[in-house]
Every structure is written in structure tokens, then in C-alpha cells.
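Colleague: Take this structure first; my questions come after.
Listed below in C-alpha cells is the structure:
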């Protein structure tokens, strides 16, 4: 049994009377990709900031690697950590290569070592042809990949990624996922926060669901779905669909019925019977699919919009 | 455990980690050095030529400690301090603010094993270095114009570095407080511009009303002028220890305040 790379125990953070992180405990095993998901204001970013020593915990402990504590041992921890923040902090005046060189120096690495790593990192980020380009000349996806390459300059034991694909187009997002998959196959460990359930499902070996500063679920994506949801969903929409939620014959076939706007969601173990019964309403449109992480997320955290930061 | 760090006024925790941050700024600046240098020295030289030769023709000589000196020499020896002040201030306000707030360069740096304290130290030293660079270029022109040839200018050089350090530290306080670039206008109009006129750069402080003069004598720019001007005239300054000490106190206290306010800004 390996000891965890990061263990967080009973972490609490308050701003005035508001508790933004409430008695949160979790850990990351070597080789694992832990996804932290939750609606806006769930405490994801605050948790990450505390783990990075950028914000003081109210109470609780954050222990890394070989027992180093945040924030006391912040420098020793950072030396072995790779961070990709939500906002790119690349230097606009430097080329891609210079960005890597300058960042490597912050770790106290000798120039020769950094220069040796630069071509490999650019190749990994699919940016070998862009070594002399400045961030302003790179697309959003390229900038994110350069940020990822920069976070790898110190060969970190653990990567911390805050919403690594937010704002990217599908092609760029898939390329980013593919790069992260490569890292995981190489045995790297990753903690990532995300809003995208397909990202979480694809990359994460384990998930932590936060809401209002609390952990409300934890486990492997498939296990969580199996534990909380019926295996299939039938969505019904169209004129008069909402009334079906009260239809006893249909409710009997579904484990759970949910109405959101003009759509009815039937969560079921037997979609065939349900679909057959729905033939009685030929004017309505139906979508039969497997339950996914998004359904789980919405079930656990509700459908109301969270506007606050 | 967290009490120590929670206190923004805790003693600065400085290490050699400032060096790669300083080096980063140097690398950027190297790319833009020539246009930046032209901008930095053109304005002070225009002041010098316009006032020194223009106004100097009307003023003639100025009596200083029983000695008559040409106005151009009087002005040059004071305005070099103003140049050190301005160069350091601009860098520690506008450029540091760009890196800290606009580009988020500091946030990136702090994802590496570098403390905020060292980033602030690096910015301070960088602004002081840039100011020294500007001052050196202007000194070169002054030598070429034959304004002063005293070997004591070699002593003025490190003194001017000290002036740059002091004003970098002071500017970083306002950098820490700023919400946007507009805020810096207050610092210039409320502090630097009045100081420019009260510190004996253009005319002797003896001309000021006694009560104003009593305050003006303790301004960091006055102290800098009192240290530098005699060196231009091939003399040693009066009260060098007192004046160096005043500059040092301004620098240390300002740096401490700047650091505390910057820590507060970054704490959440």
C-alpha cells in the first residue's frame, strides 16, 4: 500500500459567517486522477487554493508526499508540484521556449537541465513547431498545452489542474484529454477540478462531489452512477410532456421521475417497457439513453442555477 | 500553526529566490531596452537643457554654501535625483502592476517554489536597477556636456542606487493598494510632484517659508539631493550619515508596509 501523495483532513475555511469549505477530507493515491466536481460556489477553487498554500485554512491539515505540511513546507511542496491555473499566466513577452526556461529557473533548475527538457516538453504539448512563437500567436488550446508543459518542467510528483479545458473548442479539449491520458499512463498523479462531466468520466479514476463546501459523494464514476441512479433515462419532451409526470401507468415503470422545464426525465431499470408505454403519446419526442455522470451531478446538487462565484 | 503567516506584518521572509524573478524582468527588458532607454533619458535631458540653459541664462549663478555655482550644475545635480525617483517609481508602479495584476505573472511565479516576499523583493530591486541604469545613462550625457567632472561622481552612483531603492519601496506601497492604473495619478500629483518642488531641485529650499522648509528638509528627495549635489561640486556632503540613515529608514519602513499590503492583497 502506497502512502497518499496528498491527504487533506477536516479542512475548514470561513469568510466571516460563511463557511465555504466545511470539514472536507480526501486523499490522492499515486497514479490516481482525482476529479473534484461541484457547482459554482461549492468550494472547489478555495480548496485548491488552500492546497496550493495561496489561502490559509481555518482549521484542518494538508499533508503532502513524505509528510510535508501546507503551508509550513510550502516551498518543499511546490518544488514537487505542477500547477495549471484556470487563467493562463504565460509571459506574453516570451516565446514558448523562453516561457519554459524562465519558469524552470523559478525551481532553481540549472539552465542546462531546463534546455534539455524543453524540446521534450514542447513535443509532448504538440508545440514543437511553435517554440519561437509568443503566447499571443498561439490559439487557446495551444496556450493551455503550453501551460501544461510549463507545469511539467520540474517533473512533478503531482499535477494540480484547475478547470484545464474551460473555454476550449472540442478539438482542443480532446487533444488536452489525450495528453492528460498519456501522463496518467506514464503513472503521473493528477488532481483536477472541472465543470465537464464527460471530462471527469473520461479522465478521473475517482471523483469527489462537493456542494456548499461539503463532500456529498466520493467514488469511482461508474460506481457512483450505479449507487445513486437507475441505469437508464428516458427523456420526454414536446407539447404536454410535463403532464406525463403525473401519469400513474408511467410512474409505475420508472424508479424516479423528474421534471425540468418542459422535459420529463424517467429514471428506470426497464426502458423497453417504458418506451412501449410511451407509444400511446406519439406526438411527444423521446430520448432513451444510459444514465451518466451529469444525471448524477444534477441529482446530487440539484438543477437550480448557482450564480454566485 | 497559521498565526504566524496570518499576520501580514510578520518579518519579511527573504531568500535568494528573488534572483530568477529579477532575471525574468531583465530578459523582458533586454528585448525592449533601446526604445525604453530613449524614453527614460529623453525627458530628463529636455528638462535639463530647457531649464538649465534657458532659465540658467536668466538666473546666472546660485550661491551654495558660500560658493557660486552655475545654474546648470545646480539643476543637473538635483534633477539626477529626480530621474532616479521617477524611473524607479514608474517601474514599481505601472510595470509591476502589469505583472502583478494584469498579466498575473506573480500568480504564475508563486506556483513555483517562490514566496510572495521574494517576488516583492525582486520587483523592488528590479525597479531600483532600472533606475540606476537610467541614471547612469544621464550621468554619461552630463559628463559629455561637461557639467561636472568630479571623480566624486563615482560615489554619487551608489548613492543614486540607494535613492532608486527608496523610491521603489515607496511606490510598491501604492502598487499594493491599486485597483487600476488610474490610482497612480494620485501618487504622482499628491506626493511626487509637490516633493519635486520642495526638495531643492529647481531652487534652494531656503526660499521656502520656514514651516514648509522644516517639513521639506525631511523628504526623501531632499535628503537625496543633499547627498548628491555636493558630489557634483567636488565636495563631500554635510551630515552624510544622517541623510543616508533617513533614506534607509524610508526604504525599510516602506518596504515593510508594501510587503504587508501586498500580502493582504494576495491573501484570501
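Chains as they are written, first to last, in my numbering: chain A, 60 to 368; chain B, 3 to 270.
Even for Gly, the Cβ is constructed at its ideal location relative to N, Cα and C.
Values in this document were obtained by computation on a predicted structure and should not be read as measured data.
1. Among 114(A), 199(A), 63(A), 361(A), whose alpha-carbon lies nearest the alpha-carbon of residue 109(B)?
2. How many angstroms separate the CA atom of residue 348(A) from the CA atom of residue 239(A)?
3. Give the interface partners of residue 244(B) over in chain A, defined as CB-CB distance under 9 Å, in chain order.
4. On a Cα-Cα basis, can you pick out the residue from 23(B), 87(B), 49(B) that is closest to residue 197(B)?
5. Who are the near neighbours of residue 353(A) in its chain, counting only those whose CB is closer than 6 Å to its CB and skipping five residues on each side?
6. For residue 111(B), which residues in chain A fall below 7 Å Cβ to Cβ?
7. For residue 76(B), does the count of other Cβ atoms within 10 angstroms reach 16, so buried, or fall short, so exposed?
8. Of all the options 13(B), 28(B), 236(B), 51(B), which has the alpha carbon lying nearest to the alpha carbon of residue 153(B)?
9. Could you pull the DSSP bridge partners for residue 277(A) from this structure?
10. Per the DSSP calculation, residue 349(A) is bridged to which residue(s)?
11. Quick check on residue 123(A): buried or exposed, where buried means 16 or more other Cβ atoms within 10 Å of its Cβ?
12. Quick one: residues in its chain with C-beta nearer than 8 Å to the C-beta of residue 5(B), no 5 flanking neighbours on either side, listed in chain order?
13. DSSP on residue 222(B), reduced to helix/strand/coil?
14. Pull out every residue of the stretch 142 to 155 of chain A whose Cβ sits closer than 9 Å to any Cβ of chain B, in chain order.
15. Which one or two residues does DSSP pair with residue 232(A) in a beta bridge?
16. May I have a chain-ordered list of the alpha helix (DSSP H) segments no shorter than 4 residues that lie completely inside the stretch 302 to 330 of chain A?
17. Using CA coordinates, which residue listed in 118(A), 70(A), 332(A), 156(A) is at the minimum distance from residue 31(A)?
18. What runs of the alpha helix (DSSP H), each 4 residues or longer, lie entirely inside the stretch 186 to 269 of chain A?
19. Please determine, among 279(A), 301(A), 338(A), 322(A), the residue with the shortest C-alpha to C-alpha distance to residue 95(A).
20. Which residues of the stretch 98 to 122 of chain B have a Cβ closer than 8 Å to any Cβ of chain C? Give them in chain order.
21. Tell me whether residue 132(B) sits in a helix, a strand or coil according to DSSP, three-state version.
22. With a CB to CB cut of under 6 Å and the five nearest residues on each side skipped, what residues in its chain are close to residue 351(A)?
23. Consider the Cβ of residue 359(A): report whether some Cβ of chain B lies at a distance smaller than 8 Å.
24. Starting from residue 22(B), find everything on chain A with Cβ-Cβ shorter than 8 Å and list it in chain order.
25. If residue 120(A) and residue 68(A) are in contact, beta carbons under 8 Å, what's the gap, nearest whole angstrom?
26. Would you call the stretch 227 to 236 of chain A and the stretch 134 to 154 of chain A touching, i.e. three or more CB-CB distances under 8 Å?
27. Where do the ends of the alpha helix (DSSP H) carrying residue 120(A) lie?
28. Going along chain B in order, which residues have a C-beta closer than 9 Å to the C-beta of residue 137(A)?
29. Could you check whether the stretch 147 to 167 of chain A touches the stretch 195 to 210 of chain A, counting it as contact only if at least three pairs of C-beta atoms, one from each stretch, sit closer than 8 Å?
30. Determine the chain A residues that contact residue 25(B) at a beta-carbon separation under 7 Å, and present them in chain order.
31. Give the interface partners of residue 157(A) over in chain B, defined as CB-CB distance under 8 Å, in chain order.
32. Keeping to the same chain, check which residues put their C-beta closer than 6 Å to that of residue 78(A); ignore five residues upstream and five downstream.
33. Measure from the C-beta of residue 352(A) to each C-beta in chain B and report whether the shortest distance is under 8 Å.
34. Which residues in the same chain have their Cβ closer than 6 Å to the Cβ of residue 289(A), if we skip the five residues on either side of it in sequence?
35. Can you look up residue 267(B) in the DSSP assignment and give me helix, strand or coil?
36. May I ask you to report which of helix, strand or coil DSSP gives residue 197(B)?
Modeller: A quick look at the data gives this:
1. In the second chain, residue 109(B) corresponds to position 107, counting from 1. Looking at the Cα atoms, 114(A) is the closest of the given residues.
2. Sequence index remark: in the first chain, residue 348(A) carries index 289 (1-based). Sequence index remark: in the first chain, residue 239(A) carries index 180 (1-based). The straight-line gap from Cα to Cα measures roughly 28 Å.
3. Residue numbering aside, residue 244(B) sits at position 242 when the second chain is read from its first letter. The contacting residues do not exist; residue 244(B) stays about 40 Å from chain A at best.
4. Along the second chain, one-based indexing puts residue 197(B) at 195. In this structure, 87(B) is the residue among 23(B), 87(B), 49(B) with its C-alpha nearest to the C-alpha of residue 197(B).
5. Locating residue 353(A) in the first chain gives position 294, counting from the first residue. 256, listed in sequence order.
6. Stepping through the second chain from its first residue, residue 111(B) is reached at position 109. Contact annotation for residue 111(B) against chain A: 165 [CB-CB distance below 7 Å, chain order].
7. By one-based count along the second chain, residue 76(B) stands at place 74. Result: buried.
8. For this step, residue 153(B) is matched to residue 151 along the second chain. Per the Cα distances, 236(B).
9. Mapped onto the first chain, residue 277(A) falls at position 218. Bridge pairing for residue 277(A): 267(A) [DSSP].
10. What you label residue 349(A) is simply residue 290 of the first chain in a count that begins at 1. Answer is 291(A).
11. Residue 123(A) sits at position 64 when you count from the first residue of the first chain. With 16 or more Cβ atoms within 10 Å of its Cβ, residue 123(A) is classed as buried.
12. Counting from one through the second chain, the residue named residue 5(B) turns up at place 3. In this predicted model, residue 5(B) has a pLDDT of only 39, less than 50, meaning its place in the structure is not dependable enough to derive any value.
13. Residue mapping note: residue 222(B) aligns to position 220 of the second chain, counting from 1. DSSP places residue 222(B) in helix when its eight states are reduced to three.
14. Cβ contacts with chain B: 142, 143, 144, 146, 147, 148, 149, 150, 151, 152, 153.
15. Position 173 of the first chain, counted from the first residue, corresponds to residue 232(A). Note: residue 232(A) sits in no beta bridge, so no partner.
16. 307 to 310
17. There is no way to answer for residue 31(A), as the model of chain A reaches only from 60 to 368.
18. If only complete runs of 4 or more residues are kept, the stretch 186 to 269 of chain A shows the alpha helix (DSSP H) at 199 to 210, 229 to 244, 256 to 262, in order along the chain.
19. The count along the first chain starts at 1 and reaches residue 95(A) at position 36. Nearest option by C-alpha distance: 279(A).
20. No chain C appears in this structure, whose protein chains are A and B.
21. The count along the second chain starts at 1 and reaches residue 132(B) at position 130. Correct three-state label for residue 132(B): helix.
22. For this step, residue 351(A) is matched to residue 292 along the first chain. Hits under 6 Å: none found.
23. On the first chain, residue 359(A) is found 300 positions in, with the first residue counted as 1. No, its Cβ sits nowhere closer than 8 Å to a Cβ of chain B.
24. In the second chain, counting from the first residue as 1, residue 22(B) sits at position 20. Under the 8 Å cutoff, chain A gives 161, 164, 165, 167.
25. Position 61 of the first chain, counting from 1, holds the residue named residue 120(A). Position 9 of the first chain, counting from 1, holds the residue named residue 68(A). Rounded to whole angstroms, the Cβ separation of residue 120(A) and residue 68(A) is 5 Å, and the two are in contact under 8 Å.
26. no
27. What you label residue 120(A) is simply residue 61 of the first chain in a count that begins at 1. Taken as a continuous stretch (DSSP letters only), residue 120(A) belongs to no alpha helix (DSSP H), being part of the beta strand (DSSP E) at 118 to 123.
28. On the first chain, residue 137(A) is found 78 positions in, with the first residue counted as 1. Under the 9 Å cutoff, chain B gives 112, 113, 114, 115, 116.
29. yes
30. Numbered from its first residue, the second chain carries residue 25(B) at position 23. Those are 164, listed as they occur along chain A.
31. Stepping through the first chain from its first residue, residue 157(A) is reached at position 98. 29, listed in chain order.
32. To locate residue 78(A), count along the first chain from 1; it is residue 19. Within the same chain, residue 78(A) has close Cβ partners 272.
33. As a working mapping, residue 352(A) is identified with position 293 in the first chain. Not one chain B Cβ lies under 8 Å of residue 352(A).
34. Counted from its first residue, the first chain places residue 289(A) at position 230. Excluding residues within five positions, the ones whose Cβ falls inside 6 Å are 314, 326, 327, 328.
35. Taking the second chain and counting its residues from 1, one reaches residue 267(B) at position 265. Of the three classes helix, strand and coil, the one that applies to residue 267(B) here is helix, per DSSP.
36. Here residue 197(B) corresponds to residue number 195 of the second chain, with the count starting at 1. Of the three classes helix, strand and coil, the one that applies to residue 197(B) here is helix, per DSSP.
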